[in-house]
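Enquirer:
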Amino acid sequence: MRRKIMAGNWKMNKNIVEAADLASKLKNSLSDVKDKEIVVCPTSICLQSVSNALADSLIGVGAQNLHWEESGAFTGEISAPMIKSAGCTYVIIGHSERRQYFGETDETVSKKLKAALKHHLVPIVCVGETLDEREKNQAFAVIEKQVKGALSSIEEKDLKTLVIAYEPVWAIGTGKTATPEQAQEVHAFIRTLLPKSIANETRILYGGSVKPDNAKILMEKPDIDGALVGGAALKVEDFEKIVKY
Ligand code: PEP
8 MRRKIMAGNW KMNKNIVEAA DLASKLKNSL SDVKDKEIVV CPTSICLQSV SNALADSLIG
68 VGAQNLHWEE SGAFTGEISA PMIKSAGCTY VIIGHSERRQ YFGETDETVS KKLKAALKHH
128 LVPIVCVGET LDEREKNQAF AVIEKQVKGA LSSIEEKDLK TLVIAYEPVW AIGTGKTATP
188 EQAQEVHAFI RTLLPKSIAN ETRILYGGSV KPDNAKILME KPDIDGALVG GAALKVEDFE
248 KIVKY
């Protein structure tokens, strides 16, 4: 049985006070949820205040990015040990916005994944095709390259906590969602790309305009093991409905 993960990616939204306030509200509204893992990923500057606000709750905190080195001359970056020291247990890696706007590649994703695993952060590795790639029938090839690229040079035994998020780029922030059938097809495909020893246990989340009214039909698919939610994770009522779909 794969326990579902319902994760909110707050992207570059909320200041320190607002983020702590949203976290406190979620702590109250989601206190009765025991059957799923819930995670919120605020900006790096808010990680500590959100961790404090969520103390004594079952909601985990994740960073939206990390650098692969532990410290050094990398202005503007944060490392796995720093993320851990702010109370986090998860980290998003290779989100399509990072790939698109900040030059992340399969190679940097792989280095970041290695660093996260080394420091016992649960990595949520994002993969997904653009609209152009889907229309050219390249979706599966793109996803295969991203998954294999991320896992390259990482030993199978170290991948036990790996989480993958399938996020079709054309569905992120657009209001367009992959149909449950489209998502299930890709999730099942991603599972075939994973080493056999972890394939059945690895959680594969769906992300891309998940909303209260489509969460249930997506989550009911056999290979969809949770959601990575952007916009709707910023509204207490919407995220609560999604988590409790
Ligand atoms: C995301 O940012 O990971 C995401 C899926 O965004 P949205 O839910 O807004 O499409």
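If you number the sequence shown the way my numbering does, the last residue is 252 and the count never jumps.
Every residue gets a Cβ at the ideal spot worked out from N, C-alpha and C, and that includes glycine.
Residue range of the alpha helix (DSSP H) that TYR108 falls in?
Expert: Note, TYR108: alpha helix (DSSP H), 103-108.
Enquirer: Go to GLY214, then tell me how far its beta strand (DSSP E) extends in each direction, as first and last residue.
Expert: Looking at the DSSP string, the run of the beta strand (DSSP E) that includes GLY214 is 210-214.
Enquirer: Could you check if PRO49 is buried or exposed, using at least 16 other CB atoms within 10 Å of its CB as the buried criterion?
Expert: Counting Cβ neighbours within 10 Å, PRO49 comes out buried, since at least 16 surround it.
Enquirer: Starting from GLU142, trace the alpha helix (DSSP H) in both directions and tell me its first and last residue.
Expert: Where GLU142 is concerned, the enclosing alpha helix (DSSP H) stretches over 138-142.
Enquirer: Quick check: does the Cβ of ASN257 come within less than 6 Å of any heavy atom belonging to the ligand PEP?
Expert: With the chain covering only 8 through 252, there is no way to say anything about residue 257.
Enquirer: Identify whether LEU166 lies in helix, strand or coil by the three-state DSSP scheme.
Expert: Three-state DSSP puts LEU166 in coil, outside helix and strand.
Enquirer: In terms of alpha-carbon separation, which member of ILE90, PHE81, LYS155 lies closest to ALA114?
Expert: Note that residue 114 corresponds to Glu in the displayed sequence, not to Ala. Closest by alpha carbon: LYS155.
Enquirer: Would you report the Cα separation of THR199 and ALA206, rounded to the nearest angstrom?
Expert: C-alpha separation (whole angstroms): 7 Å.
Enquirer: In chain order, what residues of the same chain have a beta carbon less than 6 Å from the beta carbon of ALA195, not counting five sequence neighbours either side?
Expert: Counting only Cβ-Cβ distances below 6 Å, and skipping sequence neighbours, we find ASP230.
Enquirer: Quick one: grab the DSSP three-state call for SER159.
Expert: Looking at SER159 - three-state DSSP - the assignment turns out to be coil, as it is neither helix nor strand.
Enquirer: Tell me the DSSP secondary structure of MET13 in three-state form.
Expert: It is a strand residue.
Enquirer: Nearest CA to the CA of LEU124: which residue from ILE100, ALA146, ARG106?
Expert: Checked all of ILE100, ALA146, ARG106; the closest Cα to LEU124 is ILE100.
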